[in-house]
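Letter by letter, the sequence shown follows residues 5 to 588 in this note's numbering.
Glycine is no exception: its CB is placed at the ideal position from the N, C-alpha and C atoms.
First the structure, in the form of structure tokens, and then the observations on it.
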Amino acid sequence: MDTNYELITAADKFPRIAAELRAQPVIGLDTETTGLDPHTSRLRLLQLATPQTSYVIDCFRFSPEQLSPLLEIITAAQPVKVAHNAKFDAKFLMKHLGIRLNGIFDTYLASLLISAGNENHRHGLAPVASRYLDLQLDKEQQLSNWSGELSRHQLDYAARDAGILLPLRDKMAARLDGMDLLVTAGLEFECVPAIAAMELAGVHLDVARWRDLVRQMTVARDAVADELQEVLGAGAAQMNLFGAPEPINLDSPAQVKEALARIGIEVEDTREWTLSKLVDGHPVIARLLEHRGLSKNLSSFGENILEFINPATGRLHADFRQIGTPTGRITTSSPSLQQIPHTPEYRSCFRAPQGRKLIVADYSQIEMRILADMARDEALLTAFHSGADLHRSTASQMLGIPLADISPSQRESAKGLNYGLVYGMGAEGLAGRIGVSLKEAEMLIERYFKAYSGVAHWLREAGESAVREREARTASGRLWRFSLDPGDRTQQAALRRVGKNAPIQGTSSDIFKRAMRLLDDTLLGLDAQIVNSIHDELVVECNSAIAEEIREIVRFEMVAGAKEFLPRVPVEVEAVISDAWLKK
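In structure tokens:
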């Protein structure tokens, strides 16, 4: 693909270029950088494209003040800026030019939405251009040296990547429209600056506390390992030179199974699900599971997490994948903050620096509220509007007992039902979850559906619709398409479960992203910034002096984001001011 472009080396051309760009409804935007980390790398090129030409600006030559005619366009809602993985460009523009990218059409996010959960699709610019424009892009120059003198090949590459975005956007916008995904796409595109700002801000980790925690966990794991060696080594045939049993490899399923058999515990396998059923009668099983948990945490969240601390900022800057699952949930890596254990020991290590506070906020029972709103179940809606404890209300409805007489065990059973049914759980799963017989679980589900007939109807229809239509949608219209062998009953059962949960979990994602965007907009100009995002929880770091004000802003905007999608149910947000990532 040949691209007409102009390399800009003089600032006096910017007013003319700005006028040309401002007259366009849509322009392409791309950047080339000296590395992937905006804190340690530099912004080299800024490419802005019209259908006629691409303007390539060497940012090494100009100050932000000189670039201001162009930056005004980038920060304006119009023209629309088309970028591929706009989060990357937004971070470099924010860090090096002090501006926020606005009016975004992200072809990377659009590709993810259009793929509707198809795991065979790749979403880099080259495969997307091939899929939609039947063009083969040469990406060889992407990894070239962008810090020195630029070659003709590099300039051609940079100009082409910006220019190709315009015809790509035309094709993808038509597909989004045809698939009724424009609303979802708009929601995602508007959230990009908030995600970019959150990544750029990063989160503070108290290194000394973390290392102390790792030491404690190591000591605890080793102590449990010694105890297990003593118990499981009983009756071992092989002895070492000192007459002691040969050590057992606690990470070997075969050796653990054999050792358990020697002490009279026969198991089919040593998977966690199998062993967890035997915990009550066999203390050694509980210790085995404890050892596994400690080993897993040390492997995933030990000293290795410190390698991700950015040398320029001293903070963790995780990669937040904006559409990490087909339901639209955000996922994290490098490091995976979502997988950090919820225990106070771990979360207390994530702290606000001196003079600052964290606002830790999450939605109260958001998925149950989404279910109530979608199902329009009068009894469940009434329970939420009453302000009473949901799980006690559910137990009261199911059992015909006054709220004041509900026992803790009855409330726990109702809680298991409330959350289990949202995830399409059947009687067998419920029985295992709350520790009752299969017959008792079936009876509880029957009573539940009798009390909440609207929920029963909606869940049944959502499951059948997923099998019939092979797709599910969220409140915003987000689409997940399923592949299914119609003759496979196991697949059908699994799809019914997914069909019940996908609209609920996906709508939670819709709500969360709208709330992030609203909150990010409101925090501009204040000494406060979103620093972490975990499913239905947001963490904001702010100046201690304005913590109370920020807490109320967080609560207000999170409720506002939810109410756009949940008109029939009250929404509650729990927000606390803390020194650490704790709700206390």
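Could you check which residue in L523, I363, L499 has the C-alpha nearest to that of V543?
Your numbering for residue 543 matches position 539 in the sequence shown. The shortest Cα separation from V543 among L523, I363, L499 belongs to I363.
In this structure, how does DSSP classify E363 when only helix, strand and coil are distinguished?
Working through the sequence shown from its first residue, we reach residue 363 at position 359. The sequence shown places Ile at residue 363, rather than the Glu named in the question. In the displayed model, I363 falls within a strand according to three-state DSSP.
With DSSP as the reference, identify every bridge partner of F354, one or two as the case may be.
Here the question's residue 354 lines up with position 350 in the sequence shown. Partner residues in the beta bridge of F354, as assigned by DSSP, are L209.
Check V440 in the structure and name its three-state DSSP category.
Numbered from 1 along the sequence shown, position 436 holds the residue referred to as residue 440. V440 sits in coil when the DSSP states are folded into three classes, being neither helix nor strand.
Closest to P257 by C-alpha separation, out of D93, A224, L293, K91, would be which residue?
Looking up residue 257 in the sequence shown gives position 253. When D93, A224, L293, K91 are compared, the shortest CA-CA separation from P257 is found for L293.
Proximity of D188 and L117 at Cβ, strictly below 8 Å
Stepping through the sequence shown from its first residue, residue 188 is reached at position 184. Stepping through the sequence shown from its first residue, residue 117 is reached at position 113. One detail in the question is off: residue 188 reads as Thr in this sequence, not Asp. Taking 8 Å as the Cβ cut-off, T188 and L117 qualify as a contacting pair.
Is it right to say L245 is buried, meaning 16 or more other beta carbons lie within 10 angstroms of its own, or is it exposed?
Looking up residue 245 in the sequence shown gives position 241. Residue confidence for L245 is low, a pLDDT of 49 falling below 50, so the modelled location carries little weight and cannot support an answer.
Please determine whether the Cβ atom of G433 lies at a distance below 7 Å from any heavy atom of the ligand GDP.
Here there are no bound small molecules, and the ligand GDP is not part of this structure.
Spatial neighbours of P357 within its chain, please: C-beta separation below 7 Å, excluding the five flanking residues on both sides.
As a position in the sequence shown, residue 357 is number 353, starting the count at 1. Within the same chain, Cβ atoms closer than 7 Å to the Cβ of P357 are found at H208, the five residues on either side in sequence being excluded.
Neighbourhood of I1 by C-beta, 8 Å cutoff - its chain only, sequence neighbours within 5 removed:
In the structure displayed, the chain extends from 5 to 588; residue 1 sits before or after that span and is not available.
Who does K85 pair with in a DSSP beta bridge?
Counting from 1 along the sequence shown, the entry for residue 85 is found at position 81. The partner list for K85 (beta bridge, DSSP) reads I31, I108.
E307 by DSSP, collapsed to three states: which one?
Looking up residue 307 in the sequence shown gives position 303. Looking at E307 - three-state DSSP - the assignment turns out to be helix.
V563 to P73 span [Cα, whole Å]
Position 559 of the sequence shown holds residue 563. Position 69 of the sequence shown holds residue 73. The straight-line gap from Cα to Cα measures roughly 37 Å.
Please name the residue, chosen from F486, R493, I374, that lies closest to R572 on a Cα-to-Cα basis.
Locating residue 572 in the sequence shown gives position 568, where the first residue counts as 1. Taking only the C-alpha atoms, the option nearest R572 is I374.
Once the 5 residues before and after V211 are set aside, which same chain residues still bring their CB inside 8 Å of it?
As a first step, residue 211 is located in the sequence shown; it is residue number 207 there, counting from the start. In the same chain as V211, and ignoring 5 residues on each side of it, the C-beta atoms closer than 8 Å to its own belong to L310, I313, in chain order.
For L245, which three-state DSSP category applies?
Within the sequence shown, residue 245 is the residue found at index 241, counting from 1. A caution first: L245 carries a pLDDT of 49, below 50, which makes its placement in the model too unreliable to give a value.
Should F109 and T35 be called a contact, given that it needs their Cβ atoms to be closer than 8 Å?
Along the sequence shown, read from residue 1 onward, the residue named residue 109 stands at position 105. Along the sequence shown, read from residue 1 onward, the residue named residue 35 stands at position 31. For F109 and T35, no; Cβs fall outside 8 Å.
Of the choices E552, G481, L527, whose alpha-carbon is the least far from that of G190?
Start at 1 with the first residue of the sequence shown, and residue 190 comes out as number 186. For G190, the nearest C-alpha among the options comes from G481.
Residue closest to L199, alpha-carbon to alpha-carbon, out of A519, R559, R415
In the sequence shown, residue 199 corresponds to position 195, counting from 1. The amino acid at residue 199 is misidentified as Leu; the sequence shows Ile. With distances taken between Cα atoms, I199 lies closest to A519.
Based on DSSP bridge pairs, tell me the residues matched to I77.
Taking the first residue of the sequence shown as position 1, residue 77 is located at position 73. In the DSSP output, where bridge partners are listed per residue, I77 has none listed.
Contacting residues, own chain, Cβ-Cβ under 7 Å from L50 (five flanking each side not counted):
Counted from its first residue, the sequence shown places residue 50 at position 46. The answer, listed in chain order, is T35, I61, C63.
Nonlocal neighbours in the same chain, by C-beta distance under 7 Å from A163, ignoring five residues either side
Taking the first residue of the sequence shown as 1, we reach residue 163 at position 159. Here the set comprises T7, Y9, Q51, S58, V60.
Spatially closest choice to Q56 from Q28, S45, E69, by CA coordinates
The count along the sequence shown starts at 1 and reaches residue 56 at position 52. Nearest C-alpha to Q56 among Q28, S45, E69: Q28.
Among V288, K300, Q140, which has the Cα closest to the Cα of V260?
Numbered from 1 along the sequence shown, position 256 holds the residue referred to as residue 260. Taking the Cα of V260 as reference, the smallest distance to any Cα among V288, K300, Q140 is reached at V288.
Starting from Q51, trace the alpha helix (DSSP H) in both directions and tell me its first and last residue.
Here residue 51 corresponds to residue number 47 of the sequence shown, with the count starting at 1. According to the DSSP assignment, Q51 belongs to no alpha helix (DSSP H) but to the beta strand (DSSP E) extending over 47-53.
Would you tell me roughly how many angstroms separate the C-alpha atoms of A2 and V459, rounded to the nearest one?
Residue 2 cannot be examined here, being either before or after the span of the chain that is shown, 5 to 588.
Which residues in the same chain have their Cβ closer than 7 Å to the Cβ of I538, if we skip the five residues on either side of it in sequence?
Taking the sequence shown and counting its residues from 1, one reaches residue 538 at position 534. Contacts found: L341, Q342.
Could you tell me how far apart the beta carbons of A584 and F354 are, in whole angstroms, since I believe they sit closer than 8 Å?
Taking the first residue of the sequence shown as 1, we reach residue 584 at position 580. Taking the first residue of the sequence shown as 1, we reach residue 354 at position 350. Contact annotation, A584 with F354: C-beta distance approximately 6 Å; criterion of less than 8 Å satisfied.
Measuring CB atoms only, is the segment 439-447 touching the segment 470-478, in the sense that at least three cross pairs come out at less than 8 Å?
With a cut-off of 8 Å, the segment 470-478 and the segment 439-447 do not count as touching, because too few Cβ pairs lie within range.
Counting beta carbon pairs with one atom in the segment 135-143 and one in the segment 99-108, are three or more of them shorter than 8 Å?
No, the segment 99-108 is not in contact with the segment 135-143.
Nearest-angstrom beta carbon gap, S390 and S397 [assumed within contact, 8 Å]
Here residue 397 refers to the residue found at position 393 of the sequence shown. Here residue 390 refers to the residue found at position 386 of the sequence shown. The C-beta distance from S397 to S390 rounds to 7 Å, short enough to meet the 8 Å contact threshold.
Within the same chain, show all residues whose beta-carbon is closer than 7 Å to that of D16, passing over the 5 residues directly before and after it, in chain order.
Position 12 of the sequence shown, counting from 1, holds the residue named residue 16. Around D16: no qualifying Cβ.
When DSSP labels each residue in this structure, what does A584 get in the three-state scheme?
To locate residue 584, count along the sequence shown from 1; it is residue 580. Residue state, collapsed to three classes: strand.
So, with DSSP's three-state summary, where would you put D16?
Along the sequence shown, read from residue 1 onward, the residue named residue 16 stands at position 12. Look at D16 here: in three-state DSSP terms it is helix.
If we require 4 or more residues per run, which alpha helix (DSSP H) segments fall completely within the segment 495-579?
Counting whole runs of 4 or more residues, the segment 495-579 contains the alpha helix (DSSP H) stretches 551-567.
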